[in-house]
Each structure stands twice: as structure tokens, then as C-alpha cells.
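Student: Note that the protein sequences, when read in sequence, are chains R and A. 3 is the number of the first residue of the first sequence in this note's numbering; add one for each residue after it. 3 is the number of the first residue of the second sequence in this note's numbering; add one for each residue after it.
Number of protein chains: 2
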Amino acid sequence: MKLSGGVEWAIHCCVVLSKMDGPVPAGKLAGLHDVSSSYLAKQMQALSRGGLVRSLQGHAGGYVLTRPADEISILDVVFAVEGKQPLFVCTEIRQRGPLGTPPEECLAPCPIAKAMMTAEAAWRDSLSTISIGDLARQVSSTSGPEAFQSIQEWFSGAL
Amino acid sequence: MKLSGGVEWAIHCCVVLSKMDGPVPAGKLAGLHDVSSSYLAKQMQALSRGGLVRSLQGHAGGYVLTRPADEISILDVVFAVEGKQPLFVCTEIRQRGPLGTPPEECLAPCPIAKAMMTAEAAWRDSLSTISIGDLARQVSSTSGPEAFQSIQEWFSGAL
DNA sequence: GGAGGGGTACTCGGATAAGAGCTGTCCGAGTATCAATGG
DNA sequence: CCATTGATACTCGGACAGCTCTTATCCGAGTACCCCTCC
Numbered sequence: 003m004k005l006s007g008g009v010e011w012a013i014h015c016c017v018v019l020s021k022m023d024g025p026v027p028a029g030k031l032a033g034l035h036d037v038s039s040s041y042l043a044k045q046m047q048a049l050s051r052g053g054l055v056r057s058l059q060g061h062a063g064g065y066v067l068t069r070p071a072d073e074i075s076i077l078d079v080v081f082a083v084e085g086k087q088p089l090f091v092c093t094e095i096r097q098r099g100p101l102g103t104p105p106e107e108c109l110a111p112c113p114i115a116k117a118m119m120t121a122e123a124a125w126r127d128s129l130s131t132i133s134i135g136d137l138a139r140q141v142s143s144t145s146g147p148e149a150f151q152s153i154q155e156w157f158s159g160a161l
Numbered sequence: 003m004k005l006s007g008g009v010e011w012a013i014h015c016c017v018v019l020s021k022m023d024g025p026v027p028a029g030k031l032a033g034l035h036d037v038s039s040s041y042l043a044k045q046m047q048a049l050s051r052g053g054l055v056r057s058l059q060g061h062a063g064g065y066v067l068t069r070p071a072d073e074i075s076i077l078d079v080v081f082a083v084e085g086k087q088p089l090f091v092c093t094e095i096r097q098r099g100p101l102g103t104p105p106e107e108c109l110a111p112c113p114i115a116k117a118m119m120t121a122e123a124a125w126r127d128s129l130s131t132i133s134i135g136d137l138a139r140q141v142s143s144t145s146g147p148e149a150f151q152s153i154q155e156w157f158s159g160a161l
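(1) What span of residues does the beta strand (DSSP E) with SER57 (chain R) cover, start to end?
(2) Quick one: what's got a C-beta closer than 8 Å to VAL55 (chain A)'s C-beta in the same chain, skipping five residues either side?
(3) What's the C-alpha gap between VAL83 (chain A) and TRP11 (chain A)?
(4) Please look up how many angstroms separate the CB atoms of GLN151 (chain A) and PRO113 (chain R), rounded, as I've assumed it's under 8 Å.
(5) Are the CB atoms of THR103 (chain R) and SER145 (chain A) nearer to each other than 7 Å?
(6) Quick test of your reading: LEU5 (chain R) and LEU89 (chain A), contact by CB under 8 Å. State the CB separation rounded to the nearest angstrom.
(7) Please report whether the beta-carbon of SER143 (chain R) lies at a distance below 7 Å from any beta-carbon of chain A.
(8) Nearest-angstrom Cα distance between GLU106 (chain R) and ILE95 (chain R)?
(9) Just to confirm, are GLY99 (chain R) and ASP36 (chain A) a CB contact at a threshold of 7 Å?
(10) Based on DSSP bridge pairs, tell me the residues matched to GLY63 (chain A).
(11) Quick one: which residues of the stretch 7-27 of chain R get their C-beta closer than 8 Å to a C-beta of chain A? List them in chain order.
(12) Grouping DSSP H, G and I as helix and E and B as strand, with all else coil, what is VAL91 (chain R)?
(13) Please list, in chain order, the residues of the stretch 34-53 of chain R that have any C-beta partner in chain A closer than 8 Å.
(14) So if I threshold CB-CB distances at 8 Å, which residues from the stretch 66-78 of chain R count as touching chain A?
(15) So, under 8 Å CB-CB, LEU129 (chain A) and ILE76 (chain A) are touching, yes? Tell me the CB distance rounded to an integer number of Å.
(16) One question on the structure: do ILE74 (chain A) and SER133 (chain A) come within less than 7 Å of each other, judged by their Cβ atoms?
(17) Going along the chain, which residues of the stretch 109-123 of chain R sit with their C-beta nearer than 9 Å to a C-beta in chain A?
(18) What are the boundary residues of the alpha helix (DSSP H) that includes PRO113 (chain A)?
(19) Answer with yes or no whether the minimum CB distance from PHE150 (chain A) to chain R is below 7 Å.
(20) Whose Cβ in chain A lies nearer than 7 Å to the Cβ of LEU58 (chain R)?
(21) For the alpha helix (DSSP H) containing THR144 (chain R), name the first residue and the last one.
(22) Secondary structure at VAL26 (chain A), three-state DSSP: helix, strand or coil?
(23) What's the gap between the Cα of MET22 (chain A) and the Cα of GLN154 (chain A)?
(24) Could you tell me which residues DSSP pairs with SER75 (chain A) in its beta bridges?
(25) Select from R:CYS92, R:ALA28, R:GLY52 and R:GLY53 the residue whose C-alpha is nearest the C-alpha of ALA62 (chain R).
(26) Under a three-way DSSP split, which group does PRO105 (chain A) fall into?
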């Protein structure tokens with residue numbers, strides 16, 4: 003029970019994209035972070051399907067954020083990469099077995115499922131309060147404001 | 003990225019155990035819920051390793067809760083079955099690549115990891131506020147107080 | 001009648017296969033750029 | 001000198017294997033009960 007590693011990559015890429023002017027191809031994002039180019043491309047495709055980024059094909063193509071960074075929450079990224087399926091899925095155990103409760107009596111949700119859903123909602127709420135813009139500002143204050151400028155220059159100079 | 007299905011089984015078993023007098027073998031718990039006996043045994047072993055239940059071997063053996071139901075939170079069960087490893091693991095991407103931040107400058111935790119950890123803490127906090135005893139009381143009020151008595155009788159009569 | 005010993009049946013515990021999902025890779029479809037050519 | 005046209009190189013997108021983790025199963029180790037035997 004572990005979150006996909008691609009989530010971390012995707013968030014980092016979104017933060018970087020939020021500070022770049024033009025489109026950035028997946029290959030350069032992979033080179034910057036020293037990760038598999040092909041696999042990161044897969045994550046970017048997920049972001050594209052989720053509507054978080056827009057893909058530009060052709061010579062000077064790449065990915066661009068579709069919305070302002072402050073309007074993209076971490077939850078959006080997690081949903082795009084991992085899917086919206088909840089962590090806990092109730093299989094209605096109470097209805098099974100020789101003493102199972104008949105379905106017509108199961109009006110209220112199973113208390114166990116309810117508790118798990120409440121906790122999951124707390125998790126999602128916490129993720130939805132933090133935006134890509136917030137993260138970018140925090141990175142600027144910790145790693146220095148010139149960090150993103152160096153990245154942009156590296157993208158231009160390219161390897 | 004889905005929680006192990008065994009978690010649901012384990013919680014249900016803990017709730018049932020909290021209302022039983024004597025030890026209950028894993029086979030009967032499996033029969034009650036109509037799930038794989040062998041696989042549920044594995045989950046019970048995890049609970050035993052986690053110190054939540056005590057195993058009694060021999061003819062009239064089985065599993066018994068080690069603590070009062072009100073002192074066992076759902077989080078304890080999740081930790082016992084899934085392990086205490088966090089959902090999100092930071093691989094320190096910021097240190098990798100040509101523009102990676104040197105380790106000696108990474109004093110503060112990565113903002114991205116920090117945000118994920120905060121959300122995870124909210125999830126765990128929510129889980130830790132609900133005990134097995136709470137769930138048992140909710141089941142009694144929704145499914146009727148006689149439900150657990152029927153189960154106890156079914157365990158005695160056995161199949 | 002009571003105590004001791006052996007057998008039996010039941011329990012847990014860990015070691016062992018099958019399946020699904022994540023990780024990683026490849027090649028084809030599409031498009032903007034650039035250069036060459038003709039007017 | 002400018003517009004058109006073709007080639008080119010670069011991009012994304014989805015289809016294809018390898019591997020780890022979850023799911024499912026089995027058999028051996030250990031223990032309490034029960035019955036039989038002996039005193």
C-alpha cells in the first residue's frame with residue numbers, strides 16, 4: 003500500500019512548469035530530474051488526460067499548465083496520476099456469510115466504511131488546500147529565487 | 003494505490019472479537035464472513051505480530067483481543083496489517099540531476115514531501131480517533147443489539 | 001473411585017505458488033520549423 | 001526579394017515486456033482436551 007512513485011515526479015514537474023514561460027518537452031523534464039524519460043512521459047500523459055497540462059506537438063512543443071498554478075491543487079495531480087478510486091473500498095462484508103444482513107436492511111453505510119471514508123476525506127481536504135503555486139513559493143524561499151531561472155537557462159542551453 | 007483488502011477483514015474481525023467472551027479461531031471468523039480461511043489466517047497473524055490480539059493454541063484455542071476495545075484504534079489495525087511505512091516516500095528528487103541541490107543545503111524537508119506528510123498525518127489522526135469499541139456500538143445501534151448474540155450462538159453451534 | 005499417560009483433534013505459524021498492478025521501454029502518428037526553389 | 005512547397009527533425013501518444021507486491025493456498029509445529037488404563 004504505497005503511493006505510486008510517479009506522483010512525486012508529476013508534482014515536481016508541475017512546480018517547474020509553473021515557473022517556465024514556454025512549453026517544456028518531457029525529455030528535458032526527465033533530464034533535469036535524472037529519471038527515466040519514457041516513464042515520465044507516461045505520467046505527463048496522465049496529467050494531460052486529467053486536463054492539468056496541455057500538450058503542444060511539433061518542433062518547439064512540450065507541456066504547459068492549462069490553469070494558473072494557484073488553481074491547481076496537489077489533489078488534482080494525485081487524482082490525475084493515481085485515478086480517483088478511493089483508498090478503501092467497502093466490499094459489504096456484513097451482507098455475506100450465514101448471518102449476513104439482508105441488503106434491504108443496509109440503509110445506513112457500514113460504520114467501518116464510514117470511518118475509513120471520513121479519514122480519507124481528511125486526507126483529500128488537506129491535499130486540496132495546497133496548490134502548485136504555494137509549493138513554488140516555498141521552493142523559491144528555501145532553494146533561492148534564482149533556482150528557477152537557472153532551470154530555465156538550462157532548458158534553453160539544453161544538453 | 004489501493005488499501006489492502008485484508009484491512010477491511012481485520013477490522014470486522016476485531017469488532018466481532020470485542021463482543022465475544024472466549025477465544026475465536028480464524029476458521030470460524032472466515033466462515034462467518036464467507037471469506038478465504040487461509041488468507042484471513044494471514045491477516046490474523048499480522049494482528050498477532052502487532053500485539054493487538056493474543057493467540058491461544060490447542061483444542062479450544064483462537065484469538066482474543068489483548069486490550070479493551072476502546073483502547074484499540076482503527077489506525078492500530080491498519081498499521082498492523084499494512085505496516086507503518088508511509089504512503090508517500092520522498093526520493094529526494096531535488097538532489098538529483100545536473101541542477102540538483104547539494105545534500106548539505108537540504109536542511110529543511112522538501113516542500114512537496116512536507117505537504118504530503120501533513121495530509122497523511124491528517125488521515126492517521128482521523129483513524130486514531132475511532133476505536134473498535136466505537137464501531138461495535140455503532141453496529142449495535144444500526145444492526146440491532148441482538149446481532150452479536152446471534153454470532154456468539156453461531157460460533158457455539160458451529161457448522 | 002482417582003490419578004497418570006497416551007492418543008487425538010484442533011489450533012496457530014510460516015513457507016510456498018498464482019495473479020494484478022506498478023515500473024520501465026519501445027516505436028508509430030502528427031506538427032512546426034527550416035531550407036530550397038520558382039516566380 | 002518574396003511566396004510556396006517539400007523535407008526534416010522534433011514532439012506527443014499509445015502499445016509492449018519485466019518486476020514487485022498483493023492475493024490465495026498448503027503443510028508442519030505445538031497444545032489442550034479426552035479416553036483408556038492402572039493403582
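Where a beta carbon is used, it is the ideal one built from N, C-alpha and C, also for glycine.
Tutor: In short, the structure shows the following:
(1) 55-58
(2) CYS16, LEU19, MET46, LEU49, TYR65, VAL66, LEU67 and THR68
(3) 10 Å
(4) That pair is no contact at about 18 Å.
(5) yes
(6) 5 Å
(7) no
(8) 15 Å
(9) yes
(10) None; GLY63 (chain A) has no bridge partner.
(11) GLY7, VAL9, GLU10, TRP11, ILE13, HIS14 and VAL17
(12) coil
(13) LEU34, HIS35, ASP36 and VAL37
(14) ILE76
(15) 5 Å
(16) yes
(17) LEU109, ALA110, CYS112, PRO113, ILE114, ALA115, LYS116, ALA117, MET118, THR120, ALA121, GLU122 and ALA123
(18) 113-130
(19) no
(20) None at all; the shortest Cβ gap to chain A is about 23 Å.
(21) 134-145
(22) strand
(23) 7 Å
(24) A:SER133
(25) R:ALA28
(26) helix
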